[in-house]
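Residue numbers (our numbering), protein chains in the order written: chain A, 1 to 467; chain B, 1 to 284; chain C, 1 to 335.
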Amino acid sequence: MKKALALTLAAALSASLLAGCGGSGSSTSTAAGGGDAATAEQTGLPAYNELTVGEDYTDLTANIKFISHRTDLIEDGTFDGYVAAFNELYPNITISYEGITDYAGDMTTRLTSQDWGDICMIPTTIPLPEIGDYFYAMCDLSAIEADYNFADNRAYDGKVYGIPSTGNAQGIVYNKAVFEAAGITELPKTPTEFLDALQAIKDNTDAIPLYTNYAAGWTMSAWDAYIGGGATGDAEWMNITMPQTHDAFAAGVPTGDTESGPYAVYNILYEAVKRGLTEDDPTTTDWEGSKPMINNGEIGTMVLGSWAIVQMQDAGENADDIGYMPFPISVDGTQYASSGADYCYGINEYSSDDNKIASMLYIKWLTESSNFSYDQGGIPILKSQEYPETLAAFDGIELVADTAAPTELSDLGANVQRDAELMLNSDQTHVMRIVEAAINGDETLDDIVADWNEAWNAAVDENAPAA
Amino acid sequence: MPSNAAIRAKNITINILKYVLLIFSAFVALVPIVSLVNTAFKTEEEYANTNVMTLPENWLNFDNFITAWQQADMGRAFLNSFIILVCVLTGSVMISSMLAYVLNRFKFPGNGLIRNAFMIATLIPGIAAQVTVYQIMTSLHLVNSMPGYIILMMGTDVITIYIFLQFFENLSVSLDESAILDGCTYFGVFFKILLPLLKPAIVTSAILKGVGTYNEYYMANLYLQDKTKYQVVSTSLYVFSGPMGSQYNYICAGVIITIIPALIVFLLCQDQIYSGMAAGAVKG
Amino acid sequence: MSKPAAQAKPRKTFLQWCKSMRGQQIICTVTFLAVPLLLLFTFTYLPFFKMVEFSFFDMRYIGRREFVGLDNYIDVFTRDDCFQALKLSLYYMVGSVVQMAIALLFATILSFHVRGSKFFRGALYFPCLICGIAVGFIFKFFFTHGFVLDTLLSWVGFDVESLPYWLRDESINNIVLVACSVWKYVGQNIVMFIGAIASVDSTLYEAAEIDGANAWHRFKDIILPSIRTIVVLNLIISVSGALSAFEMPYVVTGGGFGTSTYFVIMDKLAHVDQKVGLASAMAIVLLALIMVVTFVQKRAEKWLDERDSRTPKAVVKADPNTAAQASSARPAHAE
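Structure representation (structure tokens):
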């Protein structure tokens, strides 16, 4: 009996071992090039661009699960409203939303199984060459890039795997009344002008000139969004040139002028903290509390993407005082602003055909008919749609969307960042270090940047594409 | 020899010191919660316009509690948590006591090895292996199911085993022996004689494991994915935490709601420890 | 299959073996062990072996991976942040010792008759009940300049302006975080110790009292030896906990201003940089370190044991008979 028991145990254990291996094995077996994903033509499904919402497949029956990071919009019923409107055109497609709070980490984990649902916001942790292992190629890039902004954000090898949900413009939220009280008449266009403006706020008002929101963490990695096209005027800098440039963070790179480029961006933060133009104690900043504070004029500026404007306006009675200015960096006298896609909608590669079609219909409806990005104060995806009022200050500013890297270089940026341990836009610690150095006085920005460049250069060399 | 008066004085001093110490530490334990309590009674505007140090205007403002209960669907969350707790605690207690019984009473090759295996398991930091555990759970199809989560909770538990081991060491083997002489099987000895004596151990481990399971949110969040069906108390409040920020007045109210039943159960269970101590000790 | 020979008969049938004591024992052992061992393997050792496997690769959580042999391990030892972070563990280790001492103290006090003991136990245990979502919130506002802690200190006479920035000041912020950790978890230790003390035979106390032992002797010679297993377990867990300290620094300061512990760094490498192989290697190195420390602890315990057994104890495992004899022949010394 003991033997029988032992045999059963052994069988159970080896089964779980094999199963466990199976889970990770499948992800290692795809060929390099990622083109394994079936495209519309191969499977006989219509391509995204070929679908006309409201006319095609109106009696399609499907049950879709949609995973989103916008738990707030799930809670307040906004998404339910969209589903209801969509159902007027497609009564037999049921859509259920699931919200995840700690989105990036959790969703990446869930993608390791194949039955996570149908639509999700594509986590940026997935390298582009592998995107076809998880997501369905909806159509060719050439078919939609004329009509859609940021269409190449989650595209690979000429195929589109993700449709952007909305676009963000990178600028700074500020309180107009505070600026007026401080005597600032013109919006600053260079780092020096900006720091002078902050000093004016400190001298003439009681407001905190720049509130870093250090303790929230993600507010630190938000600074990385400004070092691309907005700081250099070059759309190719972020994804193509920078991962191949040595000393990318040094002063004066790449424009030759110390008042632009990545160094200038981080220097604004460093100098602001060092000169006492920010809050006294970064470790206890209160994100929730900062919203009414800027609304009331207790804070002068905060460095956040355009999605924050609506929140700051809603946080108190002074919605009209909230303004949004482009980031104060100019290259050769011209001010640029980075714009980019927010999360993109992606369809599960392993969903059924009907679910895939239904998903594409819903995504197309969301992108073109729901007014989602306008309501969220973002740049619309459809090029023909109008920009929201909050971005009025960007009139006349050149919006630069960072160009996606060509296929052969598509994961270069991610790999270099990873090897250098400078995951821009997701890692907070490298920017936290700037604030800490400015307060403690134990490192200068040049010291920090020297460290970064050392790691960056090694990573660039290791990942240099074959000549 | 010191006089009686001196002894009494010394005893009184010790007593006073004892109570001062207890009162001070109770204060220290409870004070940080101040901000939590203050916030729970504030309306949304109050919370936005005041900081946590200001007292709420209306101490009887229970709106947040009602909203938290409804929006976070706490009724269902409590039900699910309760089911999970009962299953996990029963399973855990049974498994651990059986294991401790065998390890303590029987000599067999591998006894020491198994003890060490469990000891080493306590040292392996749990957080490190999360993703591999997720892969294993996925391949066993245990993700997004209550039974799966329950098994997972039972499987990652070593403290309970050691509590029972400790207890068995203090239970004399003569009890076993007399039972066996009376014709009891080993199973019988375990179930009829020893298990009832383990009450204090059961209570202690139930409290520790129970609270751990009740508050556990990382794995609950990861494995009980369908939040409309599988809400548990610890994950229910995340409903108020969005990507753009959290509504802390509801969260604080919700946290207070979650703490109260746990505290009550804890206080009630303590009686068991006391009575168990009296009962178990006499038999010695 | 073992078919042990019984006293007189050369062979037993299987059924008879099952009914024999030895057979019974083995059946009981196997049945009782099956489930725990299966769970232990599936949820602890299997993931552990996979982690060891990962440590030899350069990989992300999903996607392709590249075999790199011992490179990750070399990295762990040559990087300047990994081992620096372990120095922070010293703070947490001191904290754990303090936590244990506090827990033993309160557990002993509260195991015996104290008025309002239920209230005190509840109060001390209360912090354990606060779930994760609120911990960061509570401490942020506790330590904000001019808020809870500062207000309390000002009542006692400190000048608010002279108080440091608790979480920002690198000379004290680690101590502050350790204190938070002790605050939150000491209740758990107290409950464990109270439970363990409850298992001690109460006749021993009576015997000790007859012998004139005071509270300290009672603690040192009766309680401590009887709950040895649990105390040792707690010590070992505390060490491993100190080396893998994660929750407080992560939730309260995000690892900023010099509070990044080993685990905080490991988490960043695994989840942000997606250097899963390196993070796994870090975990394995840490585990090896914990085991070394545990081994040293156990050796020390054994050495202490041997030393103790050579000195006679004042009151140990007395049974009523000898206690009675001893009381009639009480030596003429004070407590």
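Note that beta-carbon positions come from the ideal geometry of N, C-alpha and C, so glycine has one too.
Helix, strand or coil at residue i according to DSSP, with G and I counted as helix
i        : result
ALA437/A : helix
ASN51/B  : coil
SER497/A : What the structure shows of chain A is the stretch from 1 to 467, and residue 497/A is not part of that stretch, so it cannot be assessed.
TYR161/A : strand
MET107/B : Before going on, a small fix: residue 107/B reads as Lys here, not Met. DSSP places LYS107/B in coil when its eight states are reduced to three.
ASP286/A : coil
TYR211/A : coil
MET423/A : coil
TYR165/C : coil
GLY305/A : strand
LYS65/A  : strand
GLU317/A : coil
TYR61/C  : coil
PHE167/B : helix
PHE246/C : coil
TYR345/A : strand
THR249/A : The sequence as given places Phe at residue 249/A; Thr does not occur at that position. Looking at PHE249/A - three-state DSSP - the assignment turns out to be coil, as it is neither helix nor strand.
VAL232/B : coil
ALA169/A : strand
SER280/C : helix
ARG339/C : Residue 339/C lies beyond the stretch modelled for chain C, which goes from 1 to 335, so this question has no answer here.
ASN153/A : coil
Buried/exposed call for residue i, threshold 16 Cβ in 10 Å
i        : result
ASP226/B : exposed
ASP419/A : buried
ILE83/B  : exposed
ARG8/B   : exposed
ARG175/C : In the sequence on display, residue 175/C carries Ile and not Arg. The residue is exposed, with fewer than 16 neighbouring Cβ atoms inside 10 Å.
GLU421/A : buried
ASN58/B  : exposed
ASP461/A : exposed
ALA16/C  : Going by the sequence as given, residue 16/C is Gln instead of Ala. Counting Cβ neighbours within 10 Å, GLN16/C comes out exposed, since fewer than 16 surround it.
GLN270/B : buried
HIS141/B : exposed
ARG22/C  : exposed
GLN231/B : buried
ALA20/B  : Here the sequence assigns Val to residue 20/B, which means Ala is not the residue at that position. Burial call: exposed.
GLY187/C : buried
Cβ neighbours of residue i in the same chain (closer than 6 Å, five flanking residues each side left out)
i        : result
ALA197/A : ILE184 and PRO188
PHE265/A : It is worth fixing the name first, because residue 265/A is Val in this sequence and not Phe. Hits under 6 Å: TYR226, ILE227 and ALA231.
Sequence-distant residues of the same chain with beta carbon closer than 7 Å to residue i, five excluded per side
i        : result
PHE106/C : LEU124 and ILE190
ILE265/C : ASP81, CYS82 and ALA85
LEU163/C : ASP150 and LEU153
ASN274/A : In the sequence on display, residue 274/A carries Lys and not Asn. ALA438.
ALA169/A : SER306, ALA337, SER339, ILE379, LEU391, PHE394 and LEU399
Close Cβ partners of residue i (< 8 Å) along its chain, the five nearest in sequence each way excluded
i        : result
ALA179/B : GLY188, VAL189, LYS192 and ILE193
VAL37/B  : CYS252 and ILE256
GLY75/B  : TRP69
GLY353/C : The question about residue 353/C has no answer, for chain C in this structure spans 1 to 335.
Partner residues on chain E for residue i, Cβ-Cβ distance less than 7 Å
i       : result
PHE24/B : Of the protein chains in the structure, A, B and C, none is chain E.
>> Give me the subset of the region 99 to 111 of chain A whose CB atoms are less than 8 Å from a CB atom of chain B, sorted by chain position.
In response: Those would be GLY99, THR101, ASP102, TYR103, ASP106, THR109 and ARG110, in chain order.
> Got a sec: which bits of the region 248 to 260 of chain B sit with their beta carbon under 8 Å from any beta carbon on chain C, in order along the chain?
Replying inline: Shown in chain order are the members of the region 248 to 260 of chain B whose Cβ falls below 8 Å from a Cβ of chain C: TYR248, ILE251, CYS252, VAL255, THR258 and ILE259.
> If contact means a Cβ-Cβ distance below 8 Å, which residues of the region 266 to 278 of chain C contact chain A?
Replying inline: Listed by position, the residues of the region 266 to 278 of chain C near chain A (Cβ gap below 8 Å) are LYS268, LEU269, HIS271, VAL272, ASP273, GLN274 and LYS275.
>> Counting only Cβ-Cβ distances shorter than 7 Å, please list the residues of the region 174 to 193 of chain B near chain C, keeping chain order.
In response: Within the region 174 to 193 of chain B, the qualifying residues are THR185, TYR186 and PHE187.
> Taking any Cβ of chain B, which residues in the region 103 to 128 of chain C have a Cβ under 9 Å from it, in chain order?
Replying inline: Cβ contacts with chain B come from LEU105, PHE106, ILE109, LEU110, SER111, VAL114, ARG115, GLY116, SER117, LYS118, PHE119, PHE120, ARG121, GLY122, ALA123, LEU124, TYR125, PHE126, PRO127 and CYS128.
> What residue ranges within the region 372 to 419 of chain A form continuous beta strand (DSSP E) runs of no fewer than 3 residues, ordered along the chain?
Replying inline: Here the runs fully enclosed are 398 to 401.
> Which of the residues in the region 144 to 176 of chain B, read from start to end, lie with their CB under 7 Å from any CB of chain C?
Replying inline: Shown in chain order are the members of the region 144 to 176 of chain B whose Cβ falls below 7 Å from a Cβ of chain C: LEU152, MET154, GLY155, THR156, TYR162, ILE163, LEU165, GLN166, PHE167, GLU169 and ASN170.
>> Tell me which residues of the region 61 to 76 of chain C have at least one Cβ-Cβ distance to chain A shorter than 9 Å, keeping chain order.
In response: Result list: TYR61, ILE62, GLY63, ARG64 and ARG65.
> In the region 145 to 200 of chain C, which residue ranges form an unbroken alpha helix (DSSP H) of at least 4 residues, counting only runs that do not cross its ends?
Replying inline: Qualifying alpha helix (DSSP H) stretches, in chain order: 148 to 156 and 173 to 197.
> At what residue ranges does the region 88 to 112 of chain A contain a whole run of the beta strand (DSSP E), taking only runs of 3 or more?
Replying inline: With a minimum length of 3 residues, the continuous beta strand (DSSP E) runs that stay inside the region 88 to 112 of chain A are 93 to 99.
>> Closer than 8 Å between beta carbons: that is the criterion. Which residues of the region 122 to 134 of chain A meet it against chain C?
In response: So the close ones are THR125, ILE126, PRO127, GLU130, ASP133 and TYR134.
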